[in-house]
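Just below is one structure, and these are the notes that go with it.
4 protein chains.
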Amino acid sequence: MAVPRVEFPLILVNLKTYKEATGELAVRLSKTAEEVSTRTGVCVAVAPQVVDLRMVAGTAQIPVFAQHIDPVGYGKHTGHVLPEAAAGAGCSGTLINHSERRLKLEDIGATVMRAKEAGLLQVVCVDTVEMARAVAPLGPDAIAIEPPELIGTGTPVSKARPEVVSGAVDAVHRIDPEIEVLCGAGITNGEDAAAALRLGARGVLVASGVVKAGDPHRALLELAEAVRL
Amino acid sequence: MAVPRVEFPLILVNLKTYKEATGELAVRLSKTAEEVSTRTGVCVAVAPQVVDLRMVAGTAQIPVFAQHIDPVGYGKHTGHVLPEAAAGAGCSGTLINHSERRLKLEDIGATVMRAKEAGLLQVVCVDTVEMARAVAPLGPDAIAIEPPELIGTGTPVSKARPEVVSGAVDAVHRIDPEIEVLCGAGITNGEDAAAALRLGARGVLVASGVVKAGDPHRALLELAEAVRL
Amino acid sequence: MAVPRVEFPLILVNLKTYKEATGELAVRLSKTAEEVSTRTGVCVAVAPQVVDLRMVAGTAQIPVFAQHIDPVGYGKHTGHVLPEAAAGAGCSGTLINHSERRLKLEDIGATVMRAKEAGLLQVVCVDTVEMARAVAPLGPDAIAIEPPELIGTGTPVSKARPEVVSGAVDAVHRIDPEIEVLCGAGITNGEDAAAALRLGARGVLVASGVVKAGDPHRALLELAEAVRL
Amino acid sequence: MAVPRVEFPLILVNLKTYKEATGELAVRLSKTAEEVSTRTGVCVAVAPQVVDLRMVAGTAQIPVFAQHIDPVGYGKHTGHVLPEAAAGAGCSGTLINHSERRLKLEDIGATVMRAKEAGLLQVVCVDTVEMARAVAPLGPDAIAIEPPELIGTGTPVSKARPEVVSGAVDAVHRIDPEIEVLCGAGITNGEDAAAALRLGARGVLVASGVVKAGDPHRALLELAEAVRL
């Protein structure tokens, strides 16, 4: 099964367990993302709940991410997300170590490895430059930096703490220049996203700024036009 | 969305992350379960991986269980299984606290409550009579007793340690006679299942005994005929 | 080594990691507790940090509790609190499952059992009547009920939610009349403690109300005189 | 309180919860370590259980390590090891993320920082070169590499997998040349220890090889003479 390819710059929308983005509403939002992606040529991806992965991936022609996978293989595991099962459902990538789902260090390493084996692009989330430096040696495809105190605030990290973004980009690239850095936390409009890209980020990780927007299409369009420039 | 109703005696097949029961193979096995259920009149349910829940529930006319749900609600939660999302995907029930996914006591209590709110039948797994006694006051619909040292061994608890089954049934019913007790661990054939029911269990929780069977249809049929008697 | 015996009614002071109750200050506070105990005849116990256990137990002639122990035995365990080591240091009992250190259900069961083997009196903490009912079958010596929303507030559970205390006492005693119930959360003065005992509690679990009091001796004395009546 | 200084090369003996190294036996073993240290001039340190920390530190004139500390501060924390309390009890350093006590990545970072603030030397344990590379950016004083499959086997990593030791040393020093690398797992005699140092390690982390030795003094002496060369 050929899944849509993730391209950078990337707008990655975490649907969390928001009511506005569960079940059929996840599909609707993903179709909106597809329209914006088609119109602007910018890669827009969504990370729905695991239960909605296959339905979303089967409907929208955009990359779909898992919000979390477990470092397990086929076999005797109950209540875990098998990387191969996520990939088989049409998933292109996965978040790892989101601030709402922190992992043990050894599990981050094992999950990155299992995701590679299953063909899932890995976006490891961290909250500080120091943590970005710690996960870079694990060789993930991308690292998203999100100071947790700004998540959901509407105050963008690219403005409030620009040195965190540029510092993370710099630190990560010293270790491995092929890792892309995304910028999250508090990003709601085009100006925030453009600022993030000027600081070296290759995309943004957003959630409520799009999902809870009065007009998600418009919010996404503004972000996409900003990162396209 | 009307989901199939769970009836007792119940044969509940945990598909774990077995390769033979992932993706399309989960659907195929669930169709087999449906055939056996139709033929025997015995309720046969399956617990596929969360990523396969909707596809399985949309194909087989049998109750589908989640292997795990999280005690969260709509909102800012990443990488969790929202009970309402599982229910919305066609799920009838959920396992809770499986030996491969043990929970904190307070989370077991909160998950039972959230499952009730979402309309999911709850099967809480425990490994000893003492633990059965501990979870009974939380008021789940069912408790599955599985001595972990027998899981996957082919040595059935109903034979190796019958006092665990009858003891759990007795202990649970003293606290709440409406809670059904299931029997797991090592059950592979009709004789094991019949023995479990004679000890007071109202069904069985099986996994490899069916999923890894050379002929799953035959294995399930034998179990169903045994619990029907 | 003969350790002081725990008697009921009991005033149990959790020293947490409060600066006012770490190291030598833990010893000083424990000597204060000893004075109050001697003067009033009421059993007053303290739960210092593990690192301070032996020093406190070696100085004050009152029962000393661990704040947490692990369900491990002698052997290959690093960074755990061995029940036998706590007992060997002069400990009389232990808190289990405090709201700041919640455990998996199976670990609560295993810890109660290991504590019994090591000769430590067990006080399992819970936050609701339902959870009290869940841990009672595990047979601990005592259960402390602490609605977490009241901890550290100065609003005593015995006044704000008296039905939680009497409900817990009733629920626990239906299962096992030998288990003592303690009452925690928000208790700061004698009136609160007396109210708790009138509701059926056999003592109180306090922390900041004593440790952070301007005059801990006076605060403890008031509590002791109230529970003595 | 002046605590003994940690010097490299270092022999660090993890006492775990071994019966032979609990309570008074921890003191006895630490006195043995002191004798060997005095005789050879090599720094020998011990990591007893937290409950024994103060007693050991107050008796033996060698550096004492905690087996684990928590990333908490003074305040409302129950059942945690406060770094300042460990330091106040005479501790010189601490293990972090031992294979029997793995931590979340963010907690490793926070614990390293808290240990620095409390004046404790930090030895972070990892199991692979990749993980060594991940924790090096967190700036701990030392990293101990222990392939878990060799722990307690008597097959030394320095012989079975020398490339793991030299690889870790190289990887760590590229990131931060001031971090010392220790070598653990399976080391029982002087030859193993000498091999580890030839591969670039600056000491060894041992446990059963010393604690369970028929003659711990002799075992330690052999190790100390080997690393002194």
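Residue numbers (this note's numbering), protein chains in the order written: chain G, 1231 to 1459; chain C, 1231 to 1459; chain F, 1231 to 1459; chain Z, 1231 to 1459. Every residue, glycine too, gets a C-beta built ideally from N, C-alpha and C. These numbers come from a predicted model, not from an experiment.
1. Who are the neighbours of F/V1365 on chain C, taking C-beta pairs under 8 Å?
2. Between the region 1296-1319 of chain G and chain C, which residues of the former have a C-beta closer than 9 Å to a C-beta of the latter?
3. For F/R1404, count neighbouring Cβ atoms within 10 angstroms of its own Cβ and tell me buried if that reaches 16, exposed if not.
4. Determine, using beta carbons only, whether C/I1292 and C/A1345 come nearer to each other than 9 Å.
5. Using the DSSP secondary-structure output, state which residues sit across from C/L1350 in a beta bridge.
6. Could you compute how far the alpha carbon of F/A1348 sits from the alpha carbon of Z/Y1248?
7. Once DSSP output is grouped into helix, strand and coil, what is the label at Z/V1276?
8. Within the 9 Å Cβ cut-off, does F/A1269 reach chain C?
9. Put C/E1330 into one of helix, strand or coil per three-state DSSP.
10. Considering only C-alpha positions, which residue in the set C/D1357, C/A1319, C/V1311 is nearest to C/T1341?
11. Is it a yes or a no for the region 1241-1256 of chain C touching the region 1272-1284 of chain C, going by three-plus beta-carbon pairs under 8 Å?
12. Pull up the CB-CB distance for F/I1441 and F/L1283, whole angstroms please, since I reckon it's below 8 Å.
13. Output yes or no for whether 9 Å exceeds the beta carbon distance between C/V1353 and C/P1370.
14. Take the Cβ of F/R1363 as the centre, count every other Cβ of all protein chains shown within 10 Å, and call the residue buried at 16 or more, exposed below.
15. Short check: CB of G/L1335 to CB of G/A1372, under 9 Å?
16. For G/R1432, which residues of its own chain have a beta-carbon under 8 Å away from its beta-carbon, when the five flanking residues on both sides are left out?
17. Would you check whether the ligand GTP has a heavy atom nearer than 8 Å to the C-beta of F/E1376?
18. So which residues on chain C does G/L1325 lean against when the C-beta distance must stay under 9 Å?
19. For Z/E1360, which residues in chain G fall below 7 Å Cβ to Cβ?
20. Please return the same chain residues whose Cβ sits closer than 6 Å to the Cβ of Z/C1385, not counting the five positions on each side in sequence.
21. Are the CB atoms of C/V1266 and C/V1272 within a distance shorter than 9 Å?
22. Using only CA atoms, which one of G/V1402, G/L1325, G/K1261 lies nearest to G/M1361?
23. Please work out which residues of its chain come closer than 8 Å, Cβ to Cβ, to F/C1321, disregarding the five sequence neighbours upstream and downstream, and give them in chain order.
24. Name the DSSP bridge partner or partners of Z/G1414?
25. In the DSSP assignment, find the beta strand (DSSP E) that holds C/I1241 and state where it starts and stops.
26. Helix, strand or coil for F/I1338, going by three-state DSSP, please let me know.
27. Given a threshold of 16 other Cβ atoms within 10 Å of its Cβ, counted over all protein chains shown, does Z/E1254 qualify as buried or as exposed?
28. Please say whether G/G1414 and G/V1387 have beta carbons closer to each other than 9 Å?
29. Just to check my reading of the structure: Z/A1447 and F/G1309 have Cβ atoms closer than 8 Å, yes? What is that Cβ distance to the nearest angstrom?
30. Can you name the residues that DSSP bridges to Z/V1294?
31. How close, in whole Å, do the beta carbons of F/V1395 and F/A1426 come, if the pair is a contact with beta carbons under 8 Å?
32. Which same chain residues end up closer than 8 Å to G/I1338 when comparing Cβ atoms and leaving out the 5 residues on each side of it in sequence?
33. Along the chain, where does the beta strand (DSSP E) that runs through C/A1425 open and close?
34. Opposite C/L1325 in the DSSP bridges: which residues?
35. Which residues in the same chain as G/K1389 place their Cβ atom closer than 7 Å to its Cβ, once the five residues preceding and following it in sequence are excluded?
36. From F/D1400, F/E1314, F/T1383, F/R1269, pick the residue whose C-alpha is nearest to that of F/T1418; which is it?
On the basis of the supplied data:
1. Within chain C, the residues near F/V1365 are L1335, A1364.
2. Going along the region 1296-1319 of chain G in chain order, one finds A1296, Q1297, H1298, I1299, D1300, V1302, G1303, Y1304, G1305, K1306, H1307, T1308, G1309, H1310, V1311, L1312, E1314, A1315, A1316, G1318, A1319 with a Cβ nearer than 9 Å to chain C.
3. With fewer than 16 other beta carbons inside 10 angstroms of its own, F/R1404 counts as exposed.
4. In this structure, C/I1292 keeps its C-beta atom at 9 Å or more from the C-beta atom of C/A1345.
5. Answer is none; C/L1350 lacks a bridge partner.
6. Rounded to whole angstroms, F/A1348 to Z/Y1248 spans 15 Å at the Cα level.
7. The answer is strand: DSSP assigns Z/V1276 an E or B state.
8. The identity of residue 1269 of chain F in the sequence shown is Arg, whereas the question assumes Ala. Output row for F/R1269: interface = no.
9. The DSSP-derived three-state label of C/E1330 is coil.
10. It is C/V1311.
11. Yes: the two stretches touch, three or more of their Cβ pairs being nearer than 8 Å.
12. Per the sequence shown, the amino acid found at residue 1441 of chain F is Val instead of Ile. In this structure, F/V1441 and F/L1283 do not form a Cβ contact; the two beta carbons are roughly 17 Å apart against a cut-off of 8 Å.
13. In contact: C/V1353 and C/P1370 (Cβ atoms closer than 9 Å).
14. It is buried - the Cβ of F/R1363 has at least 16 other Cβ atoms within 10 Å.
15. Contact check for G/L1335 against G/A1372 fails: the beta carbons are separated by 9 Å or more.
16. When the five nearest sequence neighbours on each side are left out, the beta carbons in the same chain lying within less than 8 Å of the beta carbon of G/R1432 are those of F1238, P1239, L1240, A1372, E1410, V1411, L1412, in order along the chain.
17. By its list of ligands, the structure shown contains no ligand whatsoever, and the ligand GTP lies outside what it can speak to.
18. The contacting residues are T1308, G1309.
19. Simply G1339, P1367, L1368.
20. Reading off the sequence shown, one finds Thr at residue 1385 of chain Z, where the question assumed Cys. Excluding five sequence positions before and after Z/T1385, the CB atoms of its chain that fall closer than 6 Å to its own CB belong to G1416, given in chain order.
21. When the beta-carbon positions are compared, C/V1272 and C/V1266 come within less than 9 Å of each other.
22. Comparing Cα positions, the closest option is G/V1402.
23. So the list reads V1233, L1283, A1287, V1294, F1295, A1296, L1350, once near-sequence residues are dropped.
24. DSSP links Z/G1414 through a beta bridge to Z/L1435.
25. 1240-1244 is the span of the beta strand (DSSP E), which, as asked, contains C/I1241.
26. Residue state, collapsed to three classes: helix.
27. Z/E1254 comes out exposed.
28. Yes. Within cutoff.
29. A small correction: the amino acid at residue 1447 of chain Z is His; Ala does not occupy that position in the sequence shown. Contact flag wrong, Cβ pair sits at about 26 Å.
30. DSSP lists Z/V1276 as partners of Z/V1294.
31. Right, the Cβ-Cβ distance comes to about 6 Å (below 8 Å), so this counts as a contact.
32. If we look at G/I1338 and ignore the five residues flanking it on each side, its Cβ neighbours are I1326, N1327, V1354, V1365, L1368.
33. Careful: C/A1425 lies outside any beta strand (DSSP E), inside the alpha helix (DSSP H) at 1420-1428.
34. For C/L1325, which the question treats as bridged, DSSP gives the partners C/V1353.
35. Excluding positions up to five away in sequence, the list reads D1422, A1425.
36. In this structure, F/T1383 is the residue among F/D1400, F/E1314, F/T1383, F/R1269 with its C-alpha nearest to the C-alpha of F/T1418.
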